[in-house]
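K.L.:
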Amino acid sequence: MIFSWRKNKLGFLTKLKKELPGVDSGSEIAIPSHYMCPISLDLMKDPVILSTGITYDRESIEKWIDGGNFSCPVTKQDLISFDLIPNHSLRRLIQGWCVANRSYGIERIPTPRIPVSPYEVKEICSRISIATQRSDSKKCSELMGKIRNWAKESERNRRCIVNGGTGDVLAASFEHFAGVSIEKHVGLLEEILLVLACVFPVAVEGLSKLGSADSLKCLVSFLIGKDLSPKQNAVFVLKELLSADRRYVNSLAAIEGVSEALVSIIKEPLCPSATKSSLTVIFYMILPSDIGEKMALKFVELGLVSQLLEFLVDAEKSLCEKALGILDGVCDYKQGREKLYKNALTIPLLVKKILRVSELATEYSLSILLKLCKSGEKGEDEVRVEAVQLGAFQKILVLLQVGCGGDMKDKVTEMLKLLNLYKDRLDCIDSSMHFKYLKKSF
């Protein structure tokens, strides 16, 4: 019994039965325990030996090490080396076992490709730099294809490419060919952008290349264009650029057509990731700065407020937070508040999002409501009445009861004081109990 328990604990049951992909639903086959990874308990596709002598599937042990674990999962010994040595003999045995069990629908595991090495990454980066200096677009295109294939093979390859500083080299190449001629090198620039989108984060040097006038002009041209893939990659790169350094906002905003292109991605979504990227770029463009107000009013004129409100109806968490963040920024300006006052969806959606999505979404919703309720403009009284009737008072009171600190608590308290003036509208709650607590809180 003890022996059996220990083997169960380590995942080495010799007669473990596991249904495999491709096997008929009614069929099961016993997988030899030494063919299974001790971590995932799946059939190993690329067995590698750790310094402790234990064999694991490469993907599983790499995830273990990348997660900050520096000991052997089985022996618990500290690793003296992180080198992963391919276990060719075991791999061939596993492949032979797969072939012998073809009648069960098991497919032969293909021979894994040798992972790319840091030396190879350094070498190809050097070759790209030389080809770029010579304006050899054909050679650069060939090298881009090689990097793209490496990245597709495995996540390990992609990390190796990123860690090798490839992003800085690609950014420099992108700037160079964009400066020479966007029309002449449009195919190559699209290829570079495709690879570049896979190798973030990029260092400061690379960001400066992407934030140059030539690069930004090229990115916006892709953003405005009709081809979906370059458009998606361009908005992703812009998002990463502004997230890393807001200094490039002014230069980006000065390029004609960028605002319209960003809004069009929200109105006619390409994919969720492109929509998130576009919302993030807009958020950074309207933050308080020399051009923050100008850009906010520009987006208001383009119909962004009504579009975001419609968007909020069934948006998932991340998209909802980004949309509310933009509306909160737009609400700092009179024209933005006027658009929100006029839209019938505004107050119902804001009240609905409180305590329903996330803490950040709640904070943004409360901030917008507070700005609308104390603007001193026509419409603020209607906002307070509607908010109370929709249950805002109860929700905000819950926020105060469960506890919130800092600016959030100040906003909650201020909002409750404003809505307290409309307590006669609260015919659906036990007013005596709630107002007793409210009085004590004040």
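First residue of the sequence shown: 0, per numbering that gives the first Met the number 0; consecutive thereafter. Beta carbons: idealized from backbone N, C-alpha and C, even for Gly.
(1) By the DSSP assignment, the beta strand (DSSP E) with THR51 in it spans what residues?
(2) Exposed or buried, which one is ALA202 when buried takes at least 16 other CB atoms within 10 Å?
(3) Would a C-beta distance cut-off of 8 Å place THR74 and THR51 closer than the cut-off?
(4) For the candidate residues LEU89, CYS197 and MET143, whose alpha-carbon lies nearest to that of LEU187?
(5) ASP82 to VAL168, Cα distance in whole Å?
(6) Mapping the DSSP letters down to three states, classify ASP65 as helix, strand or coil.
(7) Quick check on PHE392: buried or exposed, where buried means 16 or more other Cβ atoms within 10 Å of its Cβ?
(8) Report yes if the C-beta distance between ALA177 and ASP213 is below 8 Å; otherwise report no.
(9) Give me whichever residues DSSP pairs with MET35 in a beta bridge.
(10) Beta carbon of GLU379, beta carbon of LEU371: below 8 Å?
(11) Distance, Cα to Cα, LEU399 vs TYR34?
(12) Per DSSP, what are the beta-bridge partners of SER70 in this structure?
(13) In terms of DSSP beta bridges, what is ASP56 paired with?
(14) Since I believe GLU239 is in contact with PHE199 (beta carbons under 8 Å), could you give me their beta-carbon distance rounded to a whole number of angstroms?
(15) Tell me the DSSP bridge mates of PRO85?
(16) Could you have a look at ILE290 and say whether DSSP puts it in helix, strand or coil?
(17) Tell me, please, whether the region 320-337 touches the region 290-302 by the rule of three or more beta-carbon pairs shorter than 8 Å.
(18) How big is the Cα-Cα spacing for LEU349 and SER242?
(19) Could you have a look at ALA343 and say whether DSSP puts it in helix, strand or coil?
(20) CB-CB under 7 Å to LYS275, same chain, minus the five flanking residues each way: which ones, in chain order?
(21) Tell me whether ILE171 is buried or exposed, calling it buried when 16 or more other Cβ atoms sit within 10 Å of its Cβ.
(22) With distances taken Cα to Cα, identify the nearest neighbour of VAL444 among GLY66, CYS71, ILE30 and ILE28.
(23) On the criterion of 16 or more Cβ atoms from any shown chain inside 10 Å, does PHE310 qualify as buried, or is it exposed?
(24) Across the region 257-270 and the region 213-222, are there enough close Cβ pairs to call them in contact, namely three or more that are closer than 8 Å?
(25) For the alpha helix (DSSP H) that contains LYS275, what are its first and last residues?
(26) Considering Cα atoms alone, identify which of LEU323, GLU141 and LEU78 is closest to GLY285.
P.N.:
With the structure as the only source:
(1) Where THR51 is concerned, there is no enclosing beta strand (DSSP E), given that its DSSP letter is neither H nor E.
(2) exposed
(3) yes
(4) MET143
(5) 27 Å
(6) helix
(7) buried
(8) yes
(9) LEU42
(10) yes
(11) 57 Å
(12) ASP77
(13) PRO46
(14) 5 Å
(15) VAL47
(16) coil
(17) yes
(18) 26 Å
(19) coil
(20) SER317, LEU318 and LYS321
(21) Per the sequence shown, residue 171 should be read as Ala rather than Ile. Buried is the call here.
(22) There is no way to answer for residue 444, as the model of the chain reaches only from 0 to 441.
(23) buried
(24) yes
(25) 271-285
(26) A small correction: the amino acid at residue 285 is Ile; Gly does not occupy that position in the sequence shown. Of LEU323, GLU141 and LEU78, the residue nearest in Cα terms is LEU323.
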